[in-house]
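Trainee: Here you go, one structure.
2 protein chains.
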Amino acid sequence: MSSFDWSSVYAGRAQRMGASEIRELLKLLEQPDIISFAGGIPDPDLFPIEAFQHAYGAALGTDLSAKQALQYSVSDGSPELRSWIADYMGRLGVPCAPKHILITNGSQQGLEFLGRLFLSPGDPALVAWPTYLGALQAFNAYEPTYVRLDPRGNAPAPALPDSGGRAKFAYIVPDFANPTGETLTLAERRAVLARAEAAGAAVIEDAAYSELRYEGEPLPSLLALDAAAKGGIDNSRVIFCGTFSKTLSPGLRVGWVCASATLIEKLVLVKQASDLHSATLNQMAIARVAVAVFDDQVKKVRAAYRARRDAMLDALGRHMPKGFRWSRPEGGMFVWVEGPPGLDGRALLERAVKRERVAFVPGQAFFADGSGSETMRLSFSLAEPDEIEEGVARLARAIAG
Amino acid sequence: MSSFDWSSVYAGRAQRMGASEIRELLKLLEQPDIISFAGGIPDPDLFPIEAFQHAYGAALGTDLSAKQALQYSVSDGSPELRSWIADYMGRLGVPCAPKHILITNGSQQGLEFLGRLFLSPGDPALVAWPTYLGALQAFNAYEPTYVRLDPRGNAPAPALPDSGGRAKFAYIVPDFANPTGETLTLAERRAVLARAEAAGAAVIEDAAYSELRYEGEPLPSLLALDAAAKGGIDNSRVIFCGTFSKTLSPGLRVGWVCASATLIEKLVLVKQASDLHSATLNQMAIARVAVAVFDDQVKKVRAAYRARRDAMLDALGRHMPKGFRWSRPEGGMFVWVEGPPGLDGRALLERAVKRERVAFVPGQAFFADGSGSETMRLSFSLAEPDEIEEGVARLARAIAG
């Protein structure tokens, strides 16, 4: 008997719902003898397991608390957690209150909500070339026209396409960006805000990696700068997407959006329609763990990842052939490598995995226009320094042929 | 200084993102002296707390397991949980495999994904009048034209609007529907499937309440009927949205979609773009609790809610004035009351809360066309039988004036 033709009932936007090359790739890399620089995945050896054991034990430990933890809860999120996050944002230079915070399932869900709220088909969305693939995936369903934004100011100012309307937002990862590892200077941050203001666009600030700084002084977030300039968060055009994924745990899927109360009120409706609320118990546990260990945990992961970044930069300096350049990130999880013109990153990956048992992500996936075939993203978060040295040596052998 | 004008960057669809009257209402009903028939909320006294304590203890109890529980995981969901659900669906008469299952954040997220995947602006979507408000909210962002589907066959067959294209799906709650409490007969199920087939539409089956049957024999799900008729789930047009919210815990936000592998593959991409995956730890815990206590737990909640349904039907029979009719649900959480023409459910609610301290949900919110002002939804899930008796007596007094 014939099966139902699903494509006959799909919306037009379904054509732009594609698989993430990276996540497909990760499935292939589970063999233990491969040294993987592929996934941007926190090292589970660094998780604050004991703190989570206590937190879940406490949340489920009394009948009263367990009944709350397992029950429906409000769409905007746990008051305790929103209150902790509001204080935390205050420490980042963003004076705000719980009404400026929405709890989401990781920052990914915040990005998807913002795509849904802002983008009509054909609307211009300003993104960097390259940029976080997951953001492109989140926005793609809403059929934007991507316009190149060069937040470092090296590329010409974007011309908006004739077909589209007004640019709805600029999406920016200001600190240790995925995939490039680059950080915007203070002047570049101000320039991005000025350009967004001139274009009448909102700014989506993806702060996923911001806590992972290994050297230098923290720079103010785009939201901190804009809120200060405009007289408060409620006047700002910046939407800050934060997450506990890179500090406490990615698997619990707890992140947040911090923005003007007007926008948060609208996003609460989006959250309600999407999945009612984030898991009550996980919010309770994250709040407890954040109170108990956040600062110490950040110190711990910074120290571990700093050593790995140093090992990777050392190894690249020693092993990579002429014609290759790479970023020197002040934080985050990634080094971005640009090979000589003509390099085919996908072909290199295949050779690297088969012959040398080392993996990375070909950079092309991060370009909204499909360019960048000569680039690669190397993550240093998951391997110990000696593995990193060995992995980079293998990569250099794969490049050599 | 002036604030950013968010409405200037909203997509057209944002106009249809409205607040749920019910959830707004629930915020007002937290005073302890109110007897509430408002929320469709499981009784937390029935949660299997001990089983969850064991499950979270075990999932976080060893380093190996804790590292897995707190780490990123695959977008389609935990293999153990999907395997349990596939077996469960088999017991419901739907032979299937884990590849036919996607884990979602409650069934609500499944509904939102399906709206996103299927609906272009103006597309007809067939829904009952009245129907689950959360489904309307999930679909609204994708700007459908709602067309009345009367699954009981009392209303005339829907005429599709000239402006719209082809109906993309029919959304049906076959068992103990929210808000009416009604259950489709076997003949009505077959008729719904035949009508969907004639219209070339998919069928979204919302099974949120299906386990909560208090009398009579379970009827086959729409998916079971269609898969049997078409030679297997991969040929079926039915998409089954299930949840653990009404049986194990709503706060953990774990549900599933069960459908043709072709559709599930597409939905996995939607899940990935939306929030990467559902919380790893919660999936592990739900899988353990389901293995350990699912059948006993279902027996327990059925017994408790059956007694409350009986108490509510008894009390309605004794207290309600002439001119009121109500459903006699075989399961679920709701009795649907239709008052005489001209009754204003919202005004009655205000009077009932202020004067008599009893609450319900005015039925109008459940009608896609805003009709139904003379209706109310009474939930019996959260009050003990003696409170139900008292609450219905109060409601009758409020009606009397």
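Which chain is which? The protein sequence lines are A and B, in order. Position 119 (the first sequence) corresponds to 111 in our numbering; numbering is contiguous. Position 197 (the second sequence) corresponds to 189 in our numbering; numbering is contiguous. Positions of the beta carbon are idealized from the N, C-alpha and C atoms, including for glycine. The model shown is predicted, which means the values in this text are computed figures rather than measured ones.
(1) Between which residues of its own chain and residue 268 of chain A is the CB-CB distance below 8 angstroms, once the five residues before and five after are set aside?
(2) Write down the C-beta distance between residue 289 of chain B and residue 240 of chain B rounded to the nearest angstrom, noting that I regard them as a contact closer than 8 angstroms.
(3) If contacts are defined as beta-carbon pairs under 8 angstroms, then residue 128 of chain A and residue 256 of chain A qualify, I think. What distance do you get, rounded to the angstrom?
(4) Just the Cα atoms here: how many angstroms apart are residue 374 of chain A and residue 167 of chain A?
(5) With distances taken between CB atoms, is the gap from residue 233 of chain A to residue 103 of chain A smaller than 8 angstroms?
(6) Determine, for residue 175 of chain B, whether the minimum Cβ-Cβ distance to residues of chain A falls below 8 angstroms.
(7) Straight-line CA distance for residue 99 of chain A to residue 266 of chain B?
(8) Any Cβ of chain A within less than 8 angstroms of the Cβ of residue 403 of chain B?
(9) How about residue 178 of chain B and residue 324 of chain B: do their beta carbons lie closer than 8 angstroms?
(10) Would you say residue 1 of chain B faces chain A, with C-beta separation under 8 angstroms as the test?
(11) Just to make sure I have the definition right: I need the residues of chain A whose C-beta is within less than 7 angstroms of the C-beta of residue 376 of chain B. Which are they?
(12) Could you say if the segment 43 to 54 of chain B and the segment 280 to 298 of chain B meet the contact criterion of at least three C-beta pairs nearer than 8 angstroms?
(13) Please report the straight-line C-alpha distance between residue 365 of chain B and residue 171 of chain B, rounded to a whole angstrom.
(14) What's the call for residue 314 of chain A, buried or exposed, on a 16-neighbour Cβ count within 10 Å?
(15) Starting from the N-terminal side, write out each stretch of the alpha helix (DSSP H) that is 4 residues or longer and does not extend beyond the segment 59 to 134 of chain A.
(16) How about residue 345 of chain B and residue 109 of chain B: do their beta carbons lie closer than 8 angstroms?
(17) Among the candidates B:6, B:101, B:348, whose CA atom is the shortest distance from the CA of residue 393 of chain B?
(18) Output needed for residue 136 of chain B: all residues of its chain with C-beta closer than 6 angstroms, excluding positions within five of it in sequence on either side, in chain order.
(19) Quick one: list the residues of chain B neighbouring residue 394 of chain A, beta-carbon separation under 7 angstroms, in chain order.
(20) Using a Cβ-Cβ cut-off of less than 9 angstroms, give me the residues of the segment 62 to 79 of chain A that come near chain B, in sequence order.
(21) Excluding sequence positions up to five away, which residues of its chain have a Cβ less than 7 angstroms from the Cβ of residue 292 of chain A?
(22) Any chance you could list the beta strand (DSSP E) runs of at least 3 consecutive residues sitting entirely within the segment 296 to 359 of chain B, in chain order?
(23) Whose C-alpha, out of A:33, A:71, A:222, is nearest the C-alpha of residue -5 of chain B?
(24) I need the boundaries of the alpha helix (DSSP H) containing residue 266 of chain A, first residue and last residue.
(25) Using a beta-carbon distance cut-off of less than 7 angstroms, what residues from the segment 213 to 232 of chain A approach chain B?
(26) Just reading off the alpha helix (DSSP H) that residue 384 of chain A is part of, what are its end residues?
(27) In chain A, which residues lie with their C-beta within 8 angstroms of the C-beta of residue 415 of chain B?
(28) For residue 53 of chain B, which of helix, strand or coil comes out of DSSP?
(29) Based on Cα-Cα distance, which residue from A:301, A:312, A:163 lies nearest to residue 126 of chain A?
(30) How is the alpha helix (DSSP H) around residue 189 of chain B delimited, first residue to last?
(31) Any contact between the segment 353 to 362 of chain B and the segment 299 to 319 of chain B? By contact I mean 3 or more CB pairs, one from each, below 8 angstroms.
(32) The ligand FMN and residue 206 of chain A: does the residue's C-beta get closer than 7 angstroms to at least one heavy atom of that ligand?
(33) Label residue 202 of chain A either buried or exposed according to how many other C-beta atoms from any shown protein chain fall within 10 Å of its C-beta, with 16 as the threshold for buried.
(34) Going straight from the alpha carbon of residue 4 of chain B to that of residue 80 of chain A, what length do you get?
(35) Quick one: measure Cβ to Cβ for residue 329 of chain B and residue 367 of chain B, integer angstroms, because I've assumed they're closer than 8 angstroms.
(36) What residues of chain B sit near residue 241 of chain A, judged by a beta carbon separation below 8 angstroms?
Mentor: In this structure, then:
(1) In the first sequence, the residue the question calls residue 268 of chain A occupies position 276. Closer than 8 angstroms at Cβ, skipping near neighbours: 64, 67.
(2) By one-based count along the second sequence, residue 289 of chain B stands at place 297. By one-based count along the second sequence, residue 240 of chain B stands at place 248. At roughly 6 angstroms, the Cβ-Cβ gap stays under 8 angstroms, so residue 289 of chain B and residue 240 of chain B are in contact.
(3) For the purposes of this step, residue 128 of chain A is taken as the residue at position 136 of the first sequence. For the purposes of this step, residue 256 of chain A is taken as the residue at position 264 of the first sequence. 24 angstroms between Cβ atoms; not a contact.
(4) Against the first sequence, residue 374 of chain A aligns to sequence position 382. Against the first sequence, residue 167 of chain A aligns to sequence position 175. For the pair residue 374 of chain A and residue 167 of chain A, the Cα-to-Cα distance works out to about 20 angstroms.
(5) The residue labelled residue 233 of chain A in the question sits at position 241 within the first sequence. The residue labelled residue 103 of chain A in the question sits at position 111 within the first sequence. Taking 8 angstroms as the Cβ cut-off, residue 233 of chain A and residue 103 of chain A qualify as a contacting pair.
(6) Here the question's residue 175 of chain B lines up with position 183 in the second sequence. Judged by the 8 angstroms Cβ criterion, residue 175 of chain B is not in contact with chain A.
(7) Residue 99 of chain A sits at position 107 when you count from the first residue of the first sequence. Residue 266 of chain B sits at position 274 when you count from the first residue of the second sequence. Using only the alpha carbons, I get a separation of about 10 angstroms.
(8) A question about residue 403 of chain B goes unanswered here, because the residues of chain B that appear run from -7 up to 393.
(9) Position 186 of the second sequence, counted from the first residue, corresponds to residue 178 of chain B. Position 332 of the second sequence, counted from the first residue, corresponds to residue 324 of chain B. No, these two residues do not count as a Cβ contact at 8 angstroms.
(10) The count along the second sequence starts at 1 and reaches residue 1 of chain B at position 9. Closer than 8 angstroms to some Cβ of chain A, the Cβ of residue 1 of chain B qualifies, so yes.
(11) If you number the second sequence from 1, residue 376 of chain B lands on position 384. The contacting residues do not exist; residue 376 of chain B stays about 16 angstroms from chain A at best.
(12) yes
(13) Your numbering for residue 365 of chain B matches position 373 in the second sequence. Your numbering for residue 171 of chain B matches position 179 in the second sequence. Roughly 14 angstroms between the two C-alpha positions.
(14) Counted from its first residue, the first sequence places residue 314 of chain A at position 322. Residue burial annotation: residue 314 of chain A is exposed, with fewer than 16 other C-beta atoms found within 10 angstroms of its C-beta.
(15) 71 to 83, 98 to 110, 125 to 132
(16) For the purposes of this step, residue 345 of chain B is taken as residue 353 along the second sequence, with counting starting at 1. For the purposes of this step, residue 109 of chain B is taken as residue 117 along the second sequence, with counting starting at 1. No; because the gap between Cβ atoms is not below 8 angstroms, this pair is not in contact.
(17) On the second sequence, residue 393 of chain B is found 401 positions in, with the first residue counted as 1. The shortest Cα separation from residue 393 of chain B among B:6, B:101, B:348 belongs to B:348.
(18) The count along the second sequence starts at 1 and reaches residue 136 of chain B at position 144. So the list reads 111, 115, 117, once near-sequence residues are dropped.
(19) In this structure chain A extends from -7 to 393, so residue 394 of chain A is not present and cannot be described.
(20) 62, 63, 64, 65, 66, 67
(21) Counting from 1 along the first sequence, the entry for residue 292 of chain A is found at position 300. Answer for residue 292 of chain A: 38, listed in chain order.
(22) 326 to 330
(23) Numbered from 1 along the second sequence, position 3 holds the residue referred to as residue -5 of chain B. Ranking the options by Cα distance to residue -5 of chain B, first place goes to A:222.
(24) In the first sequence, the residue the question calls residue 266 of chain A occupies position 274. Looking at the DSSP string, the run of the alpha helix (DSSP H) that includes residue 266 of chain A is 253 to 267.
(25) The segment 213 to 232 of chain A vs chain B, Cβ under 7 angstroms: 222, 223, 226, 227, 228, 229.
(26) By 1-based counting over the first sequence, the position of residue 384 of chain A is 392. Run containing residue 384 of chain A: 377 to 392, per the alpha helix (DSSP H) assignment.
(27) Residue numbering for chain B in the displayed model covers -7 to 393; residue 415 of chain B lies beyond these limits and cannot be assessed.
(28) Position 61 of the second sequence, counted from the first residue, corresponds to residue 53 of chain B. Here residue 53 of chain B sits in helix by DSSP.
(29) Here residue 126 of chain A corresponds to residue number 134 of the first sequence, with the count starting at 1. Among A:301, A:312, A:163, the Cα nearest to that of residue 126 of chain A belongs to A:163.
(30) Against the second sequence, residue 189 of chain B aligns to sequence position 197. Per DSSP, residue 189 of chain B belongs to the alpha helix (DSSP H) from 178 to 191.
(31) no
(32) Of ligands this structure carries none, so the ligand FMN is not represented either.
(33) As a position in the first sequence, residue 202 of chain A is number 210, starting the count at 1. Answer is buried; the Cβ neighbour count reaches 16.
(34) As a first step, residue 4 of chain B is located in the second sequence; it is residue number 12 there, counting from the start. As a first step, residue 80 of chain A is located in the first sequence; it is residue number 88 there, counting from the start. Those two C-alpha atoms are separated by around 34 angstroms.
(35) As a first step, residue 329 of chain B is located in the second sequence; it is residue number 337 there, counting from the start. As a first step, residue 367 of chain B is located in the second sequence; it is residue number 375 there, counting from the start. Going by Cβ atoms, the distance from residue 329 of chain B to residue 367 of chain B rounds to 7 angstroms, so yes, they are a contact pair.
(36) As a working note, residue 241 of chain A is residue 249 in the first sequence. Within chain B, the residues near residue 241 of chain A are 62, 63.
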